[in-house]
Each structure stands twice: as structure tokens, then as C-alpha cells.
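Position in the sequence shown (first residue = 1) + 29 = our numbering.
By construction, the Cβ of each residue, glycine as well, lies at the ideal position given by its N, Cα and C atoms.
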Amino acid sequence: MKAKIFLTIDCEDFINDRSMFALNHILKLLHEYDLKGLFFLTGHLAKKVSCFPKILDLLEDEEIGYHSTSHTVRPTIIEYTDVENYEYAHQISLKRETSHINPLNGEPEGEGGIILLRKHFPNKEITSFRAPGFSYSPPHLEAMSDLGIRFDFSTSLSKVPIYYKNLTFYPYPNLFDVTRLSSYASIFKSFINARLAVLDFHPDYFVNSKYWDSIYFSGNPKRLFSVQARSSKGTSTILENFELLLRRLSHFEKKGIFEINPPLEKGKRKQVFTNKCIVRDYQSSIRWVKKYLGYNPRFIWKHFEKFFNLAD
Numbered sequence: 030m031k032a033k034i035f036l037t038i039d040c041e042d043f044i045n046d047r048s049m050f051a052l053n054h055i056l057k058l059l060h061e062y063d064l065k066g067l068f069f070l071t072g073h074l075a076k077k078v079s080c081f082p083k084i085l086d087l088l089e090d091e092e093i094g095y096h097s098t099s100h101t102v103r104p105t106i107i108e109y110t111d112v113e114n115y116e117y118a119h120q121i122s123l124k125r126e127t128s129h130i131n132p133l134n135g136e137p138e139g140e141g142g143i144i145l146l147r148k149h150f151p152n153k154e155i156t157s158f159r160a161p162g163f164s165y166s167p168p169h170l171e172a173m174s175d176l177g178i179r180f181d182f183s184t185s186l187s188k189v190p191i192y193y194k195n196l197t198f199y200p201y202p203n204l205f206d207v208t209r210l211s212s213y214a215s216i217f218k219s220f221i222n223a224r225l226a227v228l229d230f231h232p233d234y235f236v237n238s239k240y241w242d243s244i245y246f247s248g249n250p251k252r253l254f255s256v257q258a259r260s261s262k263g264t265s266t267i268l269e270n271f272e273l274l275l276r277r278l279s280h281f282e283k284k285g286i287f288e289i290n291p292p293l294e295k296g297k298r299k300q301v302f303t304n305k306c307i308v309r310d311y312q313s314s315i316r317w318v319k320k321y322l323g324y325n326p327r328f329i330w331k332h333f334e335k336f337f338n339l340a341d
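Written out as C-alpha cells, the structure is:
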């Protein structure tokens with residue numbers, strides 16, 4: 030059986046134009062090596078990329094997923110669903126994920142989000158989702174399901190795709206460091222042993238010296254501003270390493286060892302979750318908002334209990 034590898038790319042930096050350069054380069058490399066990627070776009074990035082017709086055309090050859098409407102604009106998913114009433118959190122999610130979010134005050138302003146993404150890619154079935162920072166919230170996931178999402182890439186619930194409440198949960202990504210060369214032989218061996226691997230890349234990381242969204246870590250800024258660029262040598266090294274990775278993945282795919290970005294399939298195994306498993310996943314889901322945003326949720330754990338039927 031071939032090992033399945035998903036090349037996922039999180040596209041979220043709507044402020045720094047250099048991230049568009051990186052995205053364009055990634056797309057061209059995938060085309061050169063006859064590989065497909067799964068690109069998770071935010072609503073803000075969907076609006077941005079509409080100003081880059083060449084990138085828009087290249088994305089037509091790729092799989093498109095959704096990465097929330099606004100990523101780090103406050104309040105984030107964990108923050109705005111951190112209310113006591115589960116259904117109210119669900120309704121907030123539906124409202125925000127179908128709206129454009131003002132990047133300075135965080136308020137919904139007209140149509141946007143997943144609706145805008147689907148307008149830009151009318152020929153695509155946008156049925157996959159990844160939460161920013163992997164910080165997902167159960168009522169938000171149910172809202173995503175209501176909006177046509179069928180596959181989630183945000184959790185660490187299982188090492189294989191599992192099916193639960195109309196959603197198939199794919200494994201937590203194996204973050205791949207393209208800033209330095211690694212032992213590809215041992216990495217690929219681990220992929221073969223795992224049978225399924227999810228790799229995660231961020232175009233902005235290729236060209237920025239710090240997180241593009243760090244301007245939001247202390248709250249919404251009064252104006253949008255760029256972060257410092259990575260050195261040209263640093264960017265060149267990362268792009269070279271990324272190309273080397275793609276070249277070798279393409280080689281192994283042609284040899285019949287790997288299957289790169291196979292079609293998404295409904296999980297064959299339904300899951301009964303243990304309390305220990307859900308506690309671990311909850312801690313994983315709030316790690317990003319605690320570490321970078323300094324936010325400690327009050328009600329999110331109760332939402333996990335309800336969603337996974339732990340409170341019965």
C-alpha cells in the first residue's frame with residue numbers, strides 16, 4: 030500500500046506582498062514537479078489574491094480549503110466562541126464565517142469569509158478546513174459543517190482519518206522545517222511507516238523574518254503594517270530546500286511509493302473518544318491562543334465536553 034502524503038499550505042498573510050511572491054513560487058514549483066497541494070485560504074487572503082490574477086489562475090489547478098475568515102484579527106475563533114451558551118457560540122461562528130471582518134476592529138462588515146472564497150473558486154468543492162493555529166472550537170466546527178465543510182485538519186484526535194458528527198478528522202500536521210537541510214532519508218522512512226503524513230507550510234514563513242500576524246498578538250492594531258523581511262539569502266535557501274523536497278517526493282510518487290494529496294475520503298472508522306484523548310486535544314487546541322495571544326478560555330472545555338459527549 031502506498032503511503033499517503035498531504036502537502037498543505039496555509040495562506041493567510043494579507044498584509045505583506047512578499048508573501049504573494051512566495052505563494053506564486055510554491056505554485057510554480059508544484060506545477061513543475063507535477064504535484065498537487067491543498068491550499069487553505071482565509072477570507073482576507075481570498076480578497077487579496079483576487080488582485081493577483083496569475084496566482085488565482087495557478088490556484089485553479091490545486092485543491093482549495095478554508096482557513097477561517099480572518100485568522101488572527103481579534104476576536105479569534107477561540108475568543109468569540111468562549112461564551113457559556115453553546116448554541117450562541119455556534120450562531121456567532123456562522124455569522125462571522127460568512128462575513129468580511131474589519132482587520133482593524135474585528136467587526137463583521139457585509140458578505141465575506143467562505144462565501145467570498147467560493148465566489149473566487151466557483152468550480153471548486155471547498156469542503157476542507159483548518160483552524161488558525163490549530164485552535165479549533167467545537168461549536169465553530171459544527172458551524173463549519175453547516176457551511177458545507179466535511180474534512181477537518183485542525184485536531185490531534187487520531188493518526189488516521191476518523192469520522193464523527195458529519196466530519197472526517199485528518200491527523201495533526203507534521204510541521205516541516207524548510208529553513209535547513211535535514212536527513213530526507215529518515216524523514217521519508219517515517220512517512221512510509223506512518224502510512225499517512227500531513228505536511229504544513231506557510232508561504233509567509235519563506236519571506237518574513239517573524240510572524241506576519243505578530244502585529245495582532247497584543248490586540249487589533251490601529252493600522253496595518255509590515256513585518257521585517259527575511260534576508261534574500263535566507264529566502265533563497267528555504268526555496269531551494271522546498272524544491273529539493275518536492276523533487277524527491279515527485280521521484281517517490283513516480284516509483285509508486287507515495288501518493289501525494291490523494292482525494293479526501295470519508296473516514297472509515299467511527300470513534301469513541303476517551304476523556305484522556307479529548308483533554309489532550311483540548312490542550313492542543315488552546316495552545317496557540319494562550320502562547321501568542323495571552324488568552325485563557327473560560328468555557329471552551331465545556332464545549333468540548335458537550336461535543337464529545339463527555340458530560341453525560
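_On the CB-based measure, 16 or more other CB atoms within 10 Å of its CB, does Gly-139 come out buried or exposed?_
For the purposes of this step, residue 139 is taken as the residue at position 110 of the sequence shown. Exposed is the call here.
*Can you check the segment 45-91 for any alpha helix (DSSP H) of at least 4 residues that lies completely inside it and give the ranges in chain order?*
Within the segment 45-91, the complete alpha helix (DSSP H) runs of at least 4 residues are 47-61, 72-78, 82-88.
*CB of Gly-66 within 7 Å of CB of Glu-91, strictly*: Locating residue 66 in the sequence shown gives position 37, counting from the first residue. Locating residue 91 in the sequence shown gives position 62, counting from the first residue. Contact: yes.
_Straight-line Cα distance separating Val-301 from Met-49_ = Start at 1 with the first residue of the sequence shown, and residue 49 comes out as number 20. Start at 1 with the first residue of the sequence shown, and residue 301 comes out as number 272. Taking the straight line from one Cα to the other gives about 42 Å.
*Could you check what DSSP says for Asn-222 in three-state terms: helix, strand or coil?*
Taking the sequence shown and counting its residues from 1, the one referred to as residue 222 is at position 193. Residue state, collapsed to three classes: helix.
*Decide if Lys-251 is buried, meaning its Cβ has at least 16 other Cβ atoms within 10 Å, or exposed.*
Residue numbering aside, residue 251 sits at position 222 when the sequence shown is read from its first letter. The residue in question, Lys-251, is exposed, as its Cβ has fewer than 16 Cβ neighbours within 10 Å.
*With a cut-off of 8 Å, do at least 3 Cβ pairs link the segment 108-120 to the segment 318-329?*
Verdict: yes, contact present.
_Within a Cβ cutoff of 6 Å, which residues of the same chain sit near His-3, ignoring the five residues on either side of it in sequence?_
With the chain running from 30 to 341 in the structure shown, residue 3 is simply not present.
*Measuring CB to CB, does Ser-183 end up less than 7 Å from Phe-163?*
Looking up residue 183 in the sequence shown gives position 154. Looking up residue 163 in the sequence shown gives position 134. Taking 7 Å as the Cβ cut-off, Ser-183 and Phe-163 qualify as a contacting pair.
_Rounded to whole angstroms, what is the Cα-Cα separation between Asn-270 and Arg-277?_
Counting from 1 along the sequence shown, the entry for residue 270 is found at position 241. Counting from 1 along the sequence shown, the entry for residue 277 is found at position 248. Answer to the nearest angstrom: the Cα atoms are 11 Å apart.
_Ala-32: first and last residue of the uninterrupted beta strand (DSSP E) it sits in_ = Mapped onto the sequence shown, residue 32 falls at position 3. 32-40 is the span of the beta strand (DSSP E), which, as asked, contains Ala-32.
_Whole beta strand (DSSP E) elements within the segment 253-298, 3-residue minimum_ = 287-289
_Close-in-space but distant-in-sequence residues of the same chain around Glu-272 (CB under 7 Å, 5 per side omitted)_ = In the sequence shown, counting from the first residue as 1, residue 272 sits at position 243. Result list for Glu-272: Leu-58, in chain order.
_I need the DSSP call for Asp-242, collapsed to helix, strand or coil._
Translated into positions along the sequence shown, residue 242 becomes position 213. In the structure shown, Asp-242 sits in a helix (DSSP, three-state: H, G or I).
*If you count every other CB in all the chains shown that lies within 10 Å of the CB of Arg-259, and 16 or more means buried, which is it?*
If you number the sequence shown from 1, residue 259 lands on position 230. So Arg-259 ends up on the buried side.
*So what does DSSP say about Phe-337, is it helix, strand or coil?*
Taking the first residue of the sequence shown as position 1, residue 337 is located at position 308. Here Phe-337 sits in coil by DSSP.
_Which residues DSSP lists as bridging Thr-197, in chain order_ = One-based indexing of the sequence shown puts residue 197 at position 168. Paired residue(s): Phe-180, Tyr-192.
_Extent of the continuous alpha helix (DSSP H) to which Ser-122 belongs_ = As a first step, residue 122 must be located in the sequence shown, where it is residue number 93. 115-125 is the extent of the alpha helix (DSSP H) around Ser-122.
_Is the beta carbon of His-149 closer than 7 Å to that of Ala-75?_
In the sequence shown, counting from the first residue as 1, residue 75 sits at position 46. In the sequence shown, counting from the first residue as 1, residue 149 sits at position 120. Yes.
_Check whether Pro-190 and Tyr-199 have beta carbons under 7 Å apart_ = Sequence index remark: in the sequence shown, residue 190 carries index 161 (1-based). Sequence index remark: in the sequence shown, residue 199 carries index 170 (1-based). For Pro-190 and Tyr-199, yes; Cβs fall inside 7 Å.
*To which residues of the same chain is Arg-103 closer than 7 Å at the C-beta, ignoring the five residues directly before and after it?*
As a first step, residue 103 must be located in the sequence shown, where it is residue number 74. These residues qualify, in order along the chain: Gly-135, Tyr-245, Gly-248, Asn-249.
_When Arg-159, Tyr-240, Phe-287, Ser-243 are compared against Ile-221, the one with the closest alpha-carbon_ = Residue 221 sits at position 192 when you count from the first residue of the sequence shown. The shortest C-alpha separation from Ile-221 is found at Phe-287.
*Out of curiosity, what's the CA-to-CA distance linking Leu-56 and Asp-46?*
For the purposes of this step, residue 56 is identified with residue 27 of the sequence shown, where counting begins at 1. For the purposes of this step, residue 46 is identified with residue 17 of the sequence shown, where counting begins at 1. Cα to Cα, Leu-56 sits roughly 16 Å from Asp-46.
*Hey, Thr-127 and Gly-142 are a contact pair by Cβ (cut 8 Å); roughly how many whole angstroms apart?*
Position 98 of the sequence shown, counted from the first residue, corresponds to residue 127. Position 113 of the sequence shown, counted from the first residue, corresponds to residue 142. About 5 Å separates the two Cβ atoms, so the contact holds.
_Considering Cα atoms alone, identify which of Leu-228, Gln-257, Lys-218 is closest to Val-236._
In the sequence shown, the residue the question calls residue 236 occupies position 207. Measuring from the Cα of Val-236, the nearest candidate turns out to be Gln-257.
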